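J.: Okay, handing you the structure first.
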Amino acid sequence: MRKQIPSPGHPTSRHPQAPFRTLGLHVVCLAAILSVIPHASHAQVAGKPSTQATNPAPAALTPQPYKGLFTKPSYPTTERKQNQFTVEFVYRFFEQAYSPAVPIHVQPKSASLSDTPEHVLVAQISAATAMDYETWLATWDTKSQQLFHDDAVTYKHDPAFWKRLWQRAYQGREITLVKRLETGQYVILEYRIGPPPAPGKPDQLLPGIFKLEGERWVSTRALDDSGVFAAFDAGGNPVAQLIDFEPVPAFSGQTTNFTEPQQLFFKNQPHGAQSATRLVW
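Residue numbers (the working numbering): 185 to 465.
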């Protein structure tokens, strides 16, 4: 994932990854998929983040006019020209494709297993298709269950909300397990809702993140804040996002997920660097 950061000093673009932290990866990704499934509406559901599959051309900046207290340089300078600094976050993982892709068939609660990530995903989707919120919630780790309880209070993401989302996402549609990613203690299963894409079109896959809790596999929201998942509905690699700075009066810069890119900018750019790379996984 590549983030391109123009130099500080011009109006900001709003934080594109905030929905992942505030609404949860599961909600945002389902909403993103609903936006491309025929006959499915995603009104009143969290919008998908703004991503691009290719490096965007930097927008032309409008120079701050020299007037008032914003004066010209006190000493001779060259002409003002636009520049940019690129911060690249590298996510490494092992990847496998299911060959062939595996259709996910709804099964009764009595057949649910938690011995593998794949079996937990089947149990989770089966519970969602059956509108069984309690069984679905039990497939998540303890911390994630508490987050869902908190979201029900803060964002009204109660059982009724989830059942409406599941009805639109799963009912009457084929669900297919496509890929398996492994990184550290996590297994990420990528699955598709609906038919395969037409030739030349990107595959729209949903990520399910799983880890061991004791001796059972569970789904987890531990990676909700990971910037890598903003790329899942973009269909490309790398993903580039233009990030603008908007320094506050104390010149501390914009916070949230942009804090680290800004730190890398001020650490490396003064030494002549045009980019910085950080290994995340």
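Positions of the beta carbon are idealized from the N, C-alpha and C atoms, including for glycine.
If you're wondering where the values come from, they're calculated on a predicted model, not measured in any experiment.
Within a Cβ cutoff of 8 Å, which residues of the same chain sit near Pro247, ignoring the five residues on either side of it in sequence?
T.: To locate residue 247, count along the sequence shown from 1; it is residue 63. Arg264.
J.: Using the DSSP secondary-structure output, state which residues sit across from Thr246 in a beta bridge.
T.: For the purposes of this step, residue 246 is identified with residue 62 of the sequence shown, where counting begins at 1. Bridge partners of Thr246: none, in fact.
J.: Mind checking Thr360: buried by the 16 CB within 10 Å criterion, or exposed?
T.: Within the sequence shown, residue 360 is the residue found at index 176, counting from 1. Its Cβ being crowded by 16 or more others within 10 Å, Thr360 is buried.
J.: Mapping DSSP to helix, strand and coil, what is Ser403?
T.: Taking the first residue of the sequence shown as 1, we reach residue 403 at position 219. Ser403: strand per DSSP, three-state reduction.
J.: Excluding the five sequence neighbours on either side, which residues of its own chain have a C-beta within less than 8 Å of the C-beta of Thr300, listed in chain order?
T.: Walking along the sequence shown from the start, residue 300 turns up at place 116. Cβ neighbours of Thr300 beyond the five flanking positions: Trp401.
J.: I'd like the span of the beta strand (DSSP E) that includes Gln330, first residue to last.
T.: In the sequence shown, the residue the question calls residue 330 occupies position 146. From DSSP, Gln330 is part of no beta strand (DSSP E) but of the alpha helix (DSSP H) over Thr326 to Thr338.
J.: Pick from Gly368, Lys363 and Phe394: whose alpha carbon is nearest that of Gln388?
T.: As a first step, residue 388 must be located in the sequence shown, where it is residue number 204. Comparing Cα-Cα distances from Gln388 to each of Gly368, Lys363 and Phe394, the minimum goes to Lys363.
J.: Ordered along the chain, which non-local residues of its own chain (more than five positions away) have a Cβ less than 8 Å from that of Trp324?
T.: The residue labelled residue 324 in the question sits at position 140 within the sequence shown. Once the five neighbours on either side are set aside, the close Cβ partners of Trp324 are Phe332, Val402, Ser403, Thr404 and Arg405.
J.: Is the closest heavy atom of the ligand HEM to the C-beta of Lys347 under 8 Å?
T.: This structure lacks the ligand HEM; in fact it carries no ligand of any kind.
J.: Apart from the five residues just before and just after Trp350, which ones in its own chain have a Cβ nearer than 6 Å to its Cβ?
T.: Here the question's residue 350 lines up with position 166 in the sequence shown. These residues qualify, in order along the chain: Ala312.
J.: Quick one, are the C-beta atoms of Glu374 and Leu390 less than 9 Å apart?
T.: Numbered from 1 along the sequence shown, position 190 holds the residue referred to as residue 374. Numbered from 1 along the sequence shown, position 206 holds the residue referred to as residue 390. For Glu374 and Leu390, yes; Cβs fall inside 9 Å.
J.: For Ile288, which of Asp334, Val271, Gln280 and Gly378 has the nearest alpha-carbon?
T.: As a first step, residue 288 is located in the sequence shown; it is residue number 104 there, counting from the start. Among Asp334, Val271, Gln280 and Gly378, the Cα nearest to that of Ile288 is on Gly378.
J.: Please go through the same chain and pick out, in chain order, the residues whose beta-carbon is closer than 6 Å to the beta-carbon of Leu448, but skip the five residues on each side of it.
T.: Here residue 448 is taken as the residue at index 264 of the sequence shown, counted from 1. These residues qualify, in order along the chain: Val271 and Ala460.
J.: Which same chain residues, not among the five before or five after Gly231, have their C-beta less than 6 Å away from its C-beta?
T.: On the sequence shown, position 47 is the one that residue 231 refers to. Here Gly231 scores only 31 on pLDDT, less than 50, and its place in the model should not be relied on; the value that follows carries that caveat. If we look at Gly231 and ignore the five residues flanking it on each side, it has no Cβ neighbours.
J.: Roughly how many angstroms separate the alpha carbons of Glu358 and Phe254, rounded to a whole number?
T.: In the sequence shown, counting from the first residue as 1, residue 358 sits at position 174. In the sequence shown, counting from the first residue as 1, residue 254 sits at position 70. Glu358 and Phe254: Cα-Cα distance of roughly 60 Å.
J.: Tell me the DSSP bridge mates of Gln280?
T.: Start at 1 with the first residue of the sequence shown, and residue 280 comes out as number 96. Note: Gln280 sits in a beta bridge opposite Arg364.
J.: Less than 9 Å between the beta carbons of Lys293 and Thr326, yes or no?
T.: The residue given as residue 293 occupies position 109 in the sequence shown. The residue given as residue 326 occupies position 142 in the sequence shown. No, Cβ-Cβ distance for Lys293 and Thr326 is not below 9 Å.
J.: Can you tell me which of the three DSSP states Gln291 falls into?
T.: Indexing the sequence shown from 1 puts residue 291 at position 107. DSSP places Gln291 in coil when its eight states are reduced to three.
J.: How would you label Pro445, buried or exposed, when you count the other beta carbons within 10 angstroms and need 16 or more for buried?
T.: For this step, residue 445 is matched to residue 261 along the sequence shown. Buried.
J.: Would you kindly work out how many angstroms separate the C-alpha atoms of Ala471 and Gln369, rounded to a whole number?
T.: This structure does not reach residue 471, given that the chain is present from 185 up to 465, and the question cannot be answered.
J.: Could you give the first and the last residue of the continuous beta strand (DSSP E) run that contains Gln268?
T.: Working through the sequence shown from its first residue, we reach residue 268 at position 84. Counting along the chain, the beta strand (DSSP E) containing Gln268 begins and ends at Gln268 to Val274.
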